[in-house]
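Residue numbers (our numbering): 1 to 148.
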């Protein structure tokens, strides 16, 4: 779908050498690359309760982890979907990350197969719940079901 997420960020891992502001900037840029959104809604939503937590999401999650070399973003997003399925209680995050997987080039079929595979490890109820989340995300992205 979108090729914005192919490959890694092109840089080295150098996270230890970056300042907090540089990590924050890299995290914001990576989030925008993955989701197509700035992430300001995250900062705003947490501003009055835990603004530092929002910053940690950007600095560590997106600035450090999602920016590492070694896996392309499509693969990272499918792995993220798998982990969220296994948690079994992350509907909001699944919705965001399924959409992000699609943005990063994963196909509808790859997302479904990833979720189905997790039934073995996270359980059938978790996989079933995730499939219903995926169904909503696919509809929002205009992806039609496979004609089987």
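Even for Gly, the Cβ is constructed at its ideal location relative to N, Cα and C.
Fair warning: this is a prediction, and the values are worked out from it, not measured in the lab.
Only counting the same chain, and skipping five residues up and downstream in sequence, which positions put a Cβ closer than 6 Å to that of residue i?
i, result
"residue 149", "Look at the range of the chain in this structure, 1 to 148, and you will see that residue 149 is not part of it."
With a cut-off of 8 Å on the beta carbons, I'd call residue i and residue j a contact; round off their distance for me.
i, j, result
"residue 140", "residue 85", "So it is not a contact: roughly 19 Å between Cβ atoms."
"residue 149", "residue 74", "Look at the range of the chain in this structure, 1 to 148, and you will see that residue 149 is not part of it."
"residue 130", "residue 94", "6 Å"
Taking Cβ to Cβ, would you say residue i is nearer than 8 Å to residue j?
i, j, result
"residue 88", "residue 23", "no"
"residue 35", "residue 81", "no"
"residue 26", "residue 39", "no"
"residue 143", "residue 92", "no"
"residue 100", "residue 77", "yes"
"residue 30", "residue 56", "no"
Quick one: residues in its chain with C-beta nearer than 7 Å to the C-beta of residue i, no 5 flanking neighbours on either side, listed in chain order?
i, result
"residue 134", "98, 111, 112, 115"
"residue 121", "86"
"residue 90", "84"
"residue 138", "108"
"residue 20", "59"
Could you name the residues of the same chain whose beta carbon sits closer than 8 Å to that of residue i, not counting the 5 residues immediately before and after it, in chain order?
i, result
"residue 51", "43"
"residue 150", "Outside the shown range of the chain (1 to 148) lies residue 150, about which nothing can therefore be said."
- [ ] Could you tell me whether the stretch 99-118 touches the stretch 44-53, using the rule of 3 or more Cβ pairs below 8 Å?
- [x] no
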